[in-house]
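J.: Input: one structure, supplied below.
Residue numbers (the UniProt record's numbering): 1 to 579.
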């Protein structure tokens with residue numbers, strides 16, 4: 001059945017057909033025609049954010065919590081350019097979002113018209129694909145294609161830029177349209193020969209590791225991973241983007257690898273003879289100095305994106321495919337071969353590291369609050385069913401280290417781009433996607449001040465997120481680097497000097513939220529429990545922590561993982577010899 005309608009009506013109708021229930025955005029001149037039919041939609045809820053960056057991060061949080069495509073909308077020019085950061089963030093972390101932007105009228109494109117920006121050109125390096133539509137007849141098909149591209153293969157952001165005249169002009173609408181994507185054919189099924197080669201290497205290895213990244217969670221492959229791990233008895237490490245994909249409590253879990261990873265996880269990779277990389281990209285934060293990373297290891301690298309394989313580290317067995325398919329086939333191949341490796345000595349070594357170098361932290365004689373203690377108690381009280389959404393910096397690392405993750409997708413954060421200001425709007429999006437779940441945003445006082453205006457959105461829209469502000473009065477991670485590498489010359493990292501500006505409790509109350517403060521360890525449990533009991537409005541808890549709390553362990557940027565430090569001037573007793 002076909003109907004006559006405007007391009008704007010076709011846009012809203014197409015969004016309804018692809019299953020969109022929530023759009024985060026701000027109207028403006030070029031996109032305004034789309035907001036008129038959106039007013040009448042009974043299927044699509046529009047959330048009026050306070051900044052377009054908030055719209056983008058909210059779409060990311062929604063997508064990561066639900067597995068669906070997140071949607072954000074903005075007008076032309078500055079509205080669109082304010083989406084650049086969340087689009088880049090989604091690109092780095094493989095988050096499926098569709099960003100819809102208005103553009104000046106097609107006749108004015110290229111004339112430097114009011115609020116004109118070439119957002120397609122600007123975002124070309126940071127989107128999976130983007131579209132510029134000037135013909136209203138292309139709107140329905142393009143929306144279907146955009147959602148297909150964003151959600152299949154390696155997920156990622158897609159931009160749809162629509163000229164104002166295309167939104168205003170009439171067109172014929174029919175559904176479903178026929179997609180025209182002749183060059184887009186993501187490979188999901190792995191090659192059987194490569195699977196057999198990987199199974200052979202696993203059987204022959206003596207020190208293997210399953211190096212698990214965000215691609216495993218994106219593929220919904222946590223059950224297959226669990227089966228593979230228990231079948232083979234191979235140690236597992238989970239990256240920042242994969243926390244929870246394999247349960248922290250499982251005895252085979254060695255922790256998170258990388259710059260601030262556990263000693264046992266870093267040791268497992270560094271001393272391995274085989275790394276089975278699943279949905280990972282051998283990121284610099286994991287490998288440290290690439291030339292010295294896992295020098296004796298052969299590499300099996302499985303990823304749905306062929307561009308990632310051998311990009312940073314040569315793969316001895318490259319496997320292109322969806323991790324759910326890859327791991328499932330690997331399990332079948334290992335079971336069929338009947339061959340399993342003997343890892344007794346390997347487990348003795350790694351369990352020794354795990355017992356000797358557990359994650360720990362400093363407590364303070366003056367009664368100051370240790371941020372790591374806050375994380376431990378939050379984990380214990382809120383529990384593993386909670387979604388934890390972190391900003392970027394020290395608090396992000398403490399959240400990754402001291403909260404126990406048992407379920408896939410329960411830790412949402414900005415990994416690749418490292419975007420300050422991510423937590424509050426992303427937590428809002430996650431809560432809207434999972435309204436029956438508890439959502440805690442874990443933010444720093446620096447991050448919080450970048451996007452806390454979205455508390456107004458949360459309060460007005462009835463989104464009762466809970467915000468833990470880890471307030472050390474500083475840009476903490478930068479200060480840590482200044483402590484370690486810049487002779488304690490604290491240039492422009494002190495956020496508060498001697499005064500509490502702003503007062504986060506008063507700020508929360510001004511935004512229609514409940515504001516709480518905690519400054520001493522003995523009050524932590526009571527404050528968290530009080531926050532947990534408030535479920536009708538957002539809650540902001542100002543945890544005032546010691547300004548010199550540090551994130552350990554640490555591998556300094558550009559150095560070898562062999563140089564890991566467990567505290568300042570302290571290194572583990574590291575085993576490097578060949579066997």
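Glycine included, each C-beta is placed from N, C-alpha and C at the ideal position. Everything numeric in this text was worked out from a predicted model, so none of it was measured.
Are three or more beta carbon pairs between the stretch 362-382 and the stretch 467-481 nearer than 8 angstroms?
T.: Short answer: they touch.
J.: Does the separation of the CB atoms of residue 433 and residue 113 fall below 7 angstroms?
T.: Taking the C-beta atoms as reference points, residue 113 is found no nearer than 7 angstroms to residue 433.
J.: Counting only runs that start and end within the stretch 463-528, where is the alpha helix (DSSP H) found for 4 or more residues in a row?
T.: Every alpha helix (DSSP H) of 4 residues or more that sits fully in the stretch 463-528 is shown, in chain order, as 476-485 and 504-510.
J.: Among 458, 295, 16 and 235, which residue has its Cα nearest to the Cα of residue 48?
T.: 458
J.: Please give me, in chain order, every unbroken run of the alpha helix (DSSP H) with length at least 4 that falls completely inside the stretch 381-460.
T.: 394-402, 423-433 and 445-451, all fully within the stretch 381-460.
J.: Cα separation between residue 231 and residue 385?
T.: Going by C-alpha positions, residue 231 is about 26 angstroms away from residue 385.
J.: What distance in whole Å lies between the Cβ atoms of residue 11 and residue 139, which are believed to be in contact at a cut-off of 8 angstroms?
T.: 5 angstroms
J.: Alpha carbon to alpha carbon, how far is residue 40 from residue 107? Give it in angstroms, no decimals.
T.: 29 angstroms
J.: Roughly how many angstroms separate the alpha carbons of residue 577 and residue 345, rounded to a whole number?
T.: For residue 577, the pLDDT reaches just 45, beneath the cut-off of 50, and the residue's location in the model is therefore unreliable, leaving the point undetermined.
J.: What do you get for residue 579, buried or exposed, if any count of 16 or more other CB atoms within 10 angstroms of its CB means buried?
T.: Per-residue confidence for residue 579 stands at a pLDDT of 41, beneath the threshold of 50, marking its modelled position as unreliable; no derived number is given.
J.: Answer yes or no: does any C-beta atom of chain C fall closer than 7 angstroms to that of residue 414?
T.: Although the question refers to chain C, the structure presented lacks it and comprises just one protein chain.
J.: Over what stretch of residues does the beta strand (DSSP E) that includes residue 303 continue unbroken?
T.: 298-303
J.: What three-state label does DSSP hand residue 69 in the structure shown?
T.: Coil, per DSSP.
J.: Write down every uninterrupted run of the alpha helix (DSSP H) in the stretch 343-367 whose length is 4 residues or greater and which is fully enclosed by it, in chain order.
T.: For the stretch 343-367, the continuous alpha helix (DSSP H) assignments of 4+ residues that do not extend past its boundaries occur at 344-356, in sequence order.
J.: Could you tell me the alpha carbon to alpha carbon distance between residue 128 and residue 328, rounded to whole angstroms?
T.: Going from the Cα of residue 128 to the Cα of residue 328 covers about 27 angstroms.
J.: Which of helix, strand or coil does DSSP assign to residue 148?
T.: In the three-state reduction of the DSSP assignment, residue 148 falls in the helix class.
J.: Looking only at its own chain, which residues have a Cβ that is under 6 angstroms from the Cβ of residue 9, when we skip the five neighbours before and after it?
T.: So the list reads 37, once near-sequence residues are dropped.
J.: According to DSSP, is residue 116 helix, strand or coil?
T.: coil
J.: How about residue 309 and residue 318: do their beta carbons lie closer than 7 angstroms?
T.: yes
J.: Mind listing, in chain order, the continuous alpha helix (DSSP H) runs of no fewer than 4 residues lying wholly within the UniProt domain "Thiamine pyrophosphate enzyme central" (195-329)?
T.: Taking only runs of at least 4 residues, the alpha helix (DSSP H) segments lying wholly in the UniProt domain "Thiamine pyrophosphate enzyme central" (195-329) are 214-218, 222-232, 263-270 and 284-287.
J.: Could you tell me the distance, in whole angstroms, from the CA atom of residue 455 to the CA atom of residue 514?
T.: It is roughly 11 angstroms from the alpha-carbon of residue 455 to the alpha-carbon of residue 514.
J.: What are the partner residues of residue 554, as DSSP defines its beta bridges?
T.: 565
J.: In terms of residues, what are the limits of the alpha helix (DSSP H) holding residue 92?
T.: 84-92
J.: If distances are taken between C-alpha atoms only, which option among 274, 273 and 252 comes closest to residue 264?
T.: 252
J.: Where do the N-terminal and C-terminal ends of the beta strand (DSSP E) with residue 25 fall, by residue?
T.: 22-25
J.: Closer than 6 angstroms by C-beta to residue 197: which residues in its own chain qualify, once you throw out the five before and the five after it? Chain order, please.
T.: 317
J.: Roughly how many angstroms separate the alpha carbons of residue 135 and residue 166, rounded to a whole number?
T.: 5 angstroms
J.: Can you tell me where the alpha helix (DSSP H) with residue 16 in it begins and where it stops?
T.: Counting along the chain, the unbroken alpha helix (DSSP H) around residue 16 starts and ends at 7-17.
J.: Just the C-alpha distance for residue 24 and residue 495, rounded to the nearest angstrom, thanks.
T.: 30 angstroms
J.: Could you tell me which residues DSSP puts in a beta bridge with residue 103?
T.: DSSP, once it has assigned bridges, lists 163 as partnering residue 103.
J.: Could you check whether residue 52 and residue 15 sit closer than 7 angstroms to each other, using their CB atoms as the reference points?
T.: no
J.: Is it true that the stretch 165-183 meets the stretch 198-207, where meeting means three or more beta-carbon pairs spaced less than 8 angstroms apart?
T.: no
J.: Taking 6 angstroms as the cut-off, is the C-beta of residue 168 nearer than that to any heavy atom in the ligand ATP?
T.: Inclusion of the ligand ATP in the displayed structure is not the case, the ligand content being empty and no account of it being possible.
J.: Does the beta-carbon of residue 92 have 16 or more other beta-carbons within 10 angstroms, so that it is buried, or is it exposed?
T.: buried
J.: Taking one C-beta from the stretch 152-161 and one from the stretch 282-301 each time, how about it: are there three or more such pairs within less than 8 angstroms?
T.: Touching, no.
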